[in-house]
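Residue numbers (our numbering): 16 to 295.
Single-structure report; data block below.
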């Protein structure tokens, strides 16, 4: 073979030029993607139980869903995470499984589990892992404003971006949501012969709508979620807890209600003329 190319060196040169030409043509015409689709046989079940501590989320939501998924076919592994208010279950399917069909089966199984979940739990959300769904833009909002106004500004920016054609999803991080803290006076509870559950039950039955808040008793924080309409802390202060001697006992009689922002769970810094910022 080599002797042929040695004796016919012109043909060898032409063959080499043709080979290079084909390579250049292939490079310029081959299809390319900046983010090629990668199919991963994984489904994620996310469920929100507002105000519930991690232990309750695990026992009331995570364990119930995991039991319901035991009969699901083509499942390789199931892992779960339970944290305050949120349950996340990751279902890994076999490599040769039809992902679309497996996700549909997963959704059907989750639908059958819904009646077994707590009444105040939100409907489980089933999604699949897609590497294409990665952030293409990170925007930082910075302003010389109080925390409340900066959070409101970030929410406005989020809505504006979501309205842009082609935007599928916008996730906001770094914002501190409005939150109410109810600091219960232990002596007042004893005086009125009340327990902490009496306070939490009164607040839940008051049909208030408000972000997840806290009740603090002896330095221990208890999460509670309100569902209804609320304008300011006076709505919570005026919630009746019980009655003694024919007179109502209100939240304001046994606790201090503070209106503020949720505690910061993470911290990031961006230098923009020395002003604070929020990442979205």
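Glycine included, every Cβ here is placed at the ideal spot set by N, Cα and C.
- Under the 8 Å Cβ criterion, the segment 79-97 counts as touching the segment 121-136, having at least three qualifying pairs.
- The alpha carbon of residue 187 has as its nearest neighbour, out of 195, 175, 109 and 180, the alpha carbon of 175.
- Annotation for residue 262: the continuous beta strand (DSSP E) segment containing it runs 262-265.
- Judged by their CB atoms, residue 95 and residue 64 are not nearer to each other than the 8 Å cut-off.
- With a cut-off of 8 Å on Cβ pairs, the segment 163-178 is not in contact with the segment 260-274, counting fewer than three such pairs.
- In this structure residue 156 touches residue 169 by the C-beta definition: roughly 5 Å separates them, less than 8 Å.
- A direct Cα-to-Cα measurement between residue 42 and residue 30 gives close to 18 Å.
- Non-local C-beta neighbours of residue 107 in its own chain, meaning closer than 6 Å and more than five positions away in sequence, comprise 57, 91 and 92, ordered along the chain.
- Here residue 191 is not near residue 153, since their CB atoms are 8 Å or more apart.
- Per DSSP, reduced to three states, the secondary structure at residue 137 is coil, with no helix or strand assignment.
- Distance between residue 197 and residue 55, taken at the CA atoms: about 45 Å.
- By the beta-carbon neighbour count (other beta carbons within 10 angstroms, threshold 16), residue 180 is exposed.
- Rounded to the nearest whole angstrom, the CA to CA distance from residue 97 to residue 69 is 6 Å.
- In terms of Cβ geometry, residue 194 and residue 67 do not form a close pair [threshold 8 Å].
- DSSP places residue 254 in the coil class of the three-state scheme, outside both helix and strand.
- Residue 269 places its beta carbon 8 Å or farther from that of residue 178.
- Residue 87 and residue 124 have their alpha carbons spaced roughly 8 Å apart.
- For residue 85, no alpha helix (DSSP H) segment is defined, and its DSSP state is neither H nor E.
- In the DSSP assignment, the residues bridged to residue 274 are 195.
- Bridge partners of residue 58 according to DSSP: 106 and 143.
- The residues 195, 272 and 274, in chain order, have a CB closer than 7 Å to that of residue 248 in the same chain once the five nearest residues on each side in sequence are set aside.
- Residue state for residue 166 is assigned as helix, using DSSP reduced to three classes.
- For residue 45, the secondary structure class from DSSP, reduced to helix, strand or coil, is coil.
- For residue 188, the secondary structure class from DSSP, reduced to helix, strand or coil, is coil.
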